[in-house]
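Please read the structure below before turning to the comments.
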Amino acid sequence: MKHLLFLLLIATAACNNAAKQPEKEETKLKEENITYTGDGVQMNGFLVYEDKDSIRPAVLVVHEWDGLNDYARYRARELAKLGYVALAVDIYGNGKTAPNQDSALSYSLPFYENPPMAQRRIDAAIAKVKTYPQVDTNNIAAVGYCFGGGMLLNSVRLGTPLKAIVSFHGTLVGTPANKDLLKADILVCQGGDDPFVTPEEVAKFRKQMDSIGARYTFKVYDSARHGFTNPAHTNHEEPVLYNAKADSASWKDMISFFQQTITNK
Numbered sequence: 002m003k004h005l006l007f008l009l010l011i012a013t014a015a016c017n018n019a020a021k022q023p024e025k026e027e028t029k030l031k032e033e034n035i036t037y038t039g040d041g042v043q044m045n046g047f048l049v050y051e052d053k054d055s056i057r058p059a060v061l062v063v064h065e066w067d068g069l070n071d072y073a074r075y076r077a078r079e080l081a082k083l084g085y086v087a088l089a090v091d092i093y094g095n096g097k098t099a100p101n102q103d104s105a106l107s108y109s110l111p112f113y114e115n116p117p118m119a120q121r122r123i124d125a126a127i128a129k130v131k132t133y134p135q136v137d138t139n140n141i142a143a144v145g146y147c148f149g150g151g152m153l154l155n156s157v158r159l160g161t162p163l164k165a166i167v168s169f170h171g172t173l174v175g176t177p178a179n180k181d182l183l184k185a186d187i188l189v190c191q192g193g194d195d196p197f198v199t200p201e202e203v204a205k206f207r208k209q210m211d212s213i214g215a216r217y218t219f220k221v222y223d224s225a226r227h228g229f230t231n232p233a234h235t236n237h238e239e240p241v242l243y244n245a246k247a248d249s250a251s252w253k254d255m256i257s258f259f260q261q262t263i264t265n266k
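Take the sequence shown: its position 219, counted from the start at 1, is 220 in the numbering used here, and no numbers get skipped.
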């Protein structure tokens, strides 16, 4: 009986000690609103990273067609929680955001018509993030959403020096592929029901990449429409709609991709 009571006392003490263990601290992020110049324009970026002393890869976030808004900042924070230095890029310049679709179209159209303009501004963001002592300058990647995904694909085909990029529901066809210029590993995350990216465009993109031996992975998420990663898209009557399952799956695919390309885990 004494032996049983002794065991119960030990078990109770162990449980009490376990209950007193401190909870794991949340990741402490440091955030900075920064300015940098490129292509003759001042750009207002958003930099975020874990507040600790270590060298780590950097990941740029290239926004949707409405500009560097809270969604782009949210994605930068989520990347910082994964251990990266994240910089949300201001492609339009001066922190300009579009209040409506007409404005977004007018802001974005010049970059589709003149892809080197986007490339110069992305290159300026790369140069800026390299100035931070926390950044492993040999391992810089980028993610882009919709407009941003298309701009990234255009830019790396023109030679932008990124080690890896991820395009989430972005346009696929734009600048020509050149094996002497395209050095980045590519992950494309595309919705299976995206009405803005046709099967013909997908086939053309694949053919283009295959023709130069590009290192790319093409993921398709069933039933996902355009803009499937952004929870702000809630109207089921629109061709743009959030899809939680595809959002989660594509984010996991991105994590795995970056582990293979820029973190070597």
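Note that beta-carbon positions come from the ideal geometry of N, C-alpha and C, so glycine has one too.
Helix, strand or coil at residue i according to DSSP, with G and I counted as helix
| i | result |
| --- | --- |
| L173 | coil |
| A178 | coil |
| Q261 | helix |
| P117 | helix |
| D195 | coil |
| Y222 | strand |
| D186 | strand |
| K25 | Low confidence applies to K25: its pLDDT is 45, below 50, so where it sits in the model is not reliable, and the reading given next is rough at best. Here K25 sits in coil by DSSP. |
| L110 | helix |
| Y75 | helix |
| I35 | strand |
| L242 | coil |
| F206 | helix |
| L48 | strand |
| A105 | helix |
| G89 | The sequence given here places Ala at residue 89; Gly does not occur at that position. In this structure, A89 counts as strand in the three-state DSSP scheme. |
| A215 | coil |
C-alpha gap between residue i and residue j, whole angstroms
| i | j | result |
| --- | --- | --- |
| A19 | L88 | Caution applies to A19, whose pLDDT of 38 falls short of 50 and renders its modelled position unreliable; the value that the coordinates give is listed next. Cα-Cα distance, rounded: 39 Å. |
| D103 | T138 | 38 Å |
| D124 | M152 | 12 Å |
| K129 | P117 | 18 Å |
| P23 | K82 | Residue placement at P23 is flagged as unreliable, the pLDDT there being 44, under the threshold of 50; the coordinate-derived value follows with that caveat. Each residue's Cα considered, the two are about 20 Å apart. |
| N70 | I35 | 14 Å |
| P100 | D67 | 7 Å |
| H237 | Y243 | 9 Å |
| T235 | F229 | 10 Å |
| G150 | N231 | 14 Å |
| Y50 | E79 | 10 Å |
| P177 | K220 | 21 Å |
| Q261 | G39 | 31 Å |
| R121 | Y93 | 12 Å |
| D131 | L163 | Reading the sequence as shown, one finds Lys at residue 131 and not Asp. Rounded to the nearest angstrom, the two C-alpha atoms are 12 Å apart. |
C-beta atoms of residue i and residue j nearer than 7 Å
| i | j | result |
| --- | --- | --- |
| E239 | F148 | no |
| E201 | V174 | no |
| G193 | Y146 | no |
| L183 | V157 | yes |
| A126 | V90 | yes |
| V63 | A142 | no |
| Y1 | P58 | With the chain covering 2 to 266 only, the question about residue 1 has no answer from this structure. |
| I256 | N140 | no |
| C190 | S249 | no |
| H227 | F259 | no |
| F47 | R74 | yes |
Where residue i falls, given that 16 or more other Cβ within 10 Å makes a residue buried
| i | result |
| --- | --- |
| K25 | Residue confidence for K25 is low, a pLDDT of 45 falling below 50, so the modelled location carries little weight; the figure read from the coordinates is stated next. When all chains shown are included, K25 counts as exposed. |
| N95 | exposed |
| K29 | exposed |
| S168 | buried |
| I56 | exposed |
| N265 | exposed |
| S224 | exposed |
| Q43 | exposed |
| T161 | buried |
Contact with chain B by residue i, beta-carbon distance below 7 Å
| i | result |
| --- | --- |
| D211 | In the structure shown, chain B does not exist; there is a single protein chain. |
request  = Jot down the residue ranges of each uninterrupted alpha helix (DSSP H) in the segment 119 to 173, minimum 4 residues, whole runs only, in chain order.
outcome  = 148 to 158
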